[in-house]
Amino acid sequence: MISAQHVTRRFGARVAVDDVSFEVRAGEVFGLLGPNGAGKTTTLRMLGGLIPPNGGTVTIDGRPFTRETAAALRARIGFLTETPGLWDNLTVEDNLAVYARLFDVPGAANAVERVLRLFGLWDRRTDRVVLLSKGMKQKLALARALVHDPQVVLLDEPTANLDPQTARTVRDLLRDLRTQRRAIVVSTHNLDEVERVADRVGLVNTKLIAIGEPATLRRDVFGRRLRVRLMTPSPPLPDLAAVIGRAGAQDVRIDGTALSMVLESPDRLTPIVIRRLVDAGAEIREVYDEEPPLEDVYLRLLKPPVAPA
Amino acid sequence: MKPDRIAALMGKELREFRSSPAAVLPVVALVVLCTLLPFVVVVMLPRITGESMASDRTIQQVVAFARTKLPGLAGLSPRAAAEAFLFQQFLFLFLVAPIVGAVSLAAYSVVGEKQGRTLEPLLTTPMTTAELLIAKVLAAFLPSLVIELIGLCVYFALVWLLAAPGVGAALFTGRSAILVGLLGPFASLAALQMTIAISSRVNDPRSAQQIAVLLVLPLVIVLVGQIAGAFVITSTVLLLMSVGLGAVWVLLILFSVALFERETILTRWK
């Protein structure tokens, strides 16, 4: 549904986005991850047709942004900007009503009521925006991005300023949007959020460093590790490490009462390793695939390569 | 171009003015001044000094010259003709007042959106640049037009009440109608469009205001030139000027759309 192909964007001599390519399908949440200044907002703006790329193309359902198509394509996009950008002197309801009309929403009043209720703002609808808290403003900005029921949703830091409960509401909303077959791009550096909602993530730092499902990225970066937790540290764990080493386990690490290892052929070797441990007298409490937090993946991938000595 | 989108943004602008009525105070103040000032000059001062304007030699010459160009002055007594001539010329002030006042509203318009970071969400909508800028211009124009019309009604009513007999009727001419009904609105629209164009390129509303107010100068020159008797602008010339200003407005819309760089606004405004 959304496609960015070899997209590059320069501001003067500075390259903000360099040859980035990815696609987001209908019914998919795509997390755009990266540190500050990595080009996330610029990428989103290019996806939303707000600024053109210097190179490459952005298409929505195969249609590129041109002078002729821009308005029609923007009508299909719900864009949460980096800052809420609300009209402070207008009421909550008026802020949404203006946007509903700008997007030519049929039955604008009903659409406004729908999103006000969705975000728990119905009781505050007659309040001027200046009276709202930061979190409320963020919710209102989200409501504004969705008032026209867009097929493509681009969200720049959607849970910034939100309390945990509202942040959860937003994540639930993203899941709902996914089931409604919307294509969603979430730009954030909140790894926890991405982990919870994104089907795939793209890690950017001017260039696209990595792309894939969080689990795949973990495996690509750290390899697949098996972890075996024991009831007691007896027999001694170094002895057990030696036993499983002989059974084919590699890079065996001891962590308290747990053994962590890389298995070249996990499906074949896992039963063998477990049997050897039991035979050696180990009492096993649990066996599972290790899942390093996405934060570790992120930090590992963003770490600058060490220069050769 | 979708009128509904223009109306939606205009409505928002008007609601913002309503929530801060002080914003329209400059227009109100100027229209009040323009309504009352002619009566001070034409009615009150002669009464205070005891000297009729019609007895002033210069005014006699100017009015005599004007009578040849403005048929509405024919058949009036010398005093009434002098007053009618002057009240007609002071109508030009009603062109200047809304421009100066409304320009302050318009100058803040785009700069205010940029400063409040409210422009980026607006640019994510299907609204075109032309729709956005026309909505901004019309939103500044409408309140000033309403205030101007109220001022004009008061002006004409006071002329009927305070001026010499026949002066009120002499003001109701095709020339006056063209002046306040066509030239005035088109002059305002052109000035506002220019202000909005500048407003989209500067960081400070005062810059836009200062440059756009320069547009008032030609109108002041016309006013002074006519009162001094240098020339009299006839209905035909006023009509041509109105058409010209209408064309200038359309050109300024195209110019301001070309000048409005969405990208620069998004990327250089922090």
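Chains A and B, in that order, are what the protein sequence lines are. Note that the numbering used here numbers the first sequence so that position 239 is 256, with each residue one more than the last. Note that the numbering used here numbers the second sequence so that position 264 is 275, with each residue one more than the last. For each residue, glycine too, the CB sits at the ideal point set by N, CA and C.
Own chain partners of residue i with C-beta closer than 6 Å, once the 5 adjacent residues on each side are dropped
i	result
A/G65	I94, F96 and L171
B/A65	P89, R90 and A93
A/M278	L243, A266 and V269
B/E24	A150
A/R91	G66
B/T245	K80
A/L163	G95 and V132
Rounded distance between the beta-carbons of residue j and residue i, thought under 8 Å
i	j	result
B/L134	B/R29	Actually they are not in contact, since the Cβ atoms of B/L134 and B/R29 sit about 25 Å apart, beyond 8 Å.
B/L130	B/I276	6 Å
B/L106	B/L48	B/L106 to B/L48, Cβ: 14 Å. No contact.
B/P37	B/G127	The Cβ separation is near 21 Å, so there is no contact.
B/V42	B/A108	5 Å
Residue i classed as buried or exposed, judged by whether at least 16 other C-beta atoms fall within 10 angstroms
i	result
B/E159	buried
B/I145	buried
A/L61	buried
A/A21	buried
B/I70	buried
A/Q267	exposed
B/W260	buried
A/G102	buried
B/C45	buried
B/I59	exposed
A/V295	exposed
B/Q204	buried
B/V235	exposed
A/H165	buried
B/T206	buried
A/P329	Only positions 18 to 326 of chain A appear in this structure, which leaves residue 329 of chain A out of reach.
B/G83	buried
A/K15	As shown, chain A starts at 18 and ends at 326. That puts residue 15 of chain A outside it, with no answer to give.
B/M138	buried
B/W171	exposed
Contacts around residue i, its chain only, beta-carbon distance under 8 Å, and the 5 residues preceding and following it disregarded
i	result
B/I303	Residue 303 of chain B lies beyond the stretch modelled for chain B, which goes from 12 to 281, so this question has no answer here.
A/I68	R26, T59 and R62
A/A275	R244, V245, R246 and L247
A/P81	T74 and V75
A/V211	G48, L50, V203, T205, V218, P231 and L311
Chain A contact for residue i (CB, 8 Å cutoff)
i	result
B/K125	no
B/S282	The question about residue 282 of chain B has no answer, for chain B in this structure spans 12 to 281.
B/R16	yes
B/R26	yes
B/A19	yes
B/L56	no
B/T206	no
B/R217	no
B/E159	no
B/T135	yes
B/E272	no
B/M138	yes
CB contact below 8 Å: residue i versus chain B
i	result
A/P207	Note that residue 207 of chain A is Asn in the sequence shown here, rather than Pro. It does not: the Cβ of A/N207 has no partner Cβ on chain B nearer than 8 Å.
A/N178	no
A/N127	no
A/N106	yes
A/F82	no
A/A400	Residue 400 of chain A cannot be examined here, being either before or after the span of chain A that is shown, 18 to 326.
A/I94	yes
A/I201	no
A/D111	yes
A/V115	yes
A/G51	no
A/F28	yes
A/I77	no
A/I68	yes
A/G65	yes
A/R340	Missing from the structure shown is residue 340 of chain A; chain A here goes from 18 to 326 and no further.
A/L119	yes
A/R91	yes
Beta-carbon contacts of residue i that lie in its chain and below 7 Å, excluding the five residues immediately before and after
i	result
B/L249	R186, I189, L190 and L194
A/V41	M18, I19, F47, A200 and V202
A/L148	none
B/S253	I189, L193, L194 and F197
Residue i Cβ short of 7 Å to the ligand SAM heavy atom set
i	result
A/E300	Among the ligands in the structure shown, none appear at all, so the ligand SAM cannot be discussed.
May I ask you to verify whether the stretch 187-204 of chain A touches the stretch 158-170 of chain A, counting CB pairs closer than 8 Å and requiring at least 3? yes
Does the pairing of the stretch 201-213 of chain A with the stretch 41-61 of chain A give three or more beta-carbon distances under 8 Å? yes
Are at least three pairs of beta-carbons, each pair with one atom in the stretch 112-123 of chain A and one in the stretch 149-162 of chain A, less than 8 Å apart? yes
Using 8 Å as the Cβ pair cut-off and three pairs as the minimum, do the stretch 240-252 of chain A and the stretch 298-312 of chain A touch? yes
Do the stretch 117-133 of chain A and the stretch 224-242 of chain A meet, that is, are 3 or more Cβ pairs less than 8 Å apart? no
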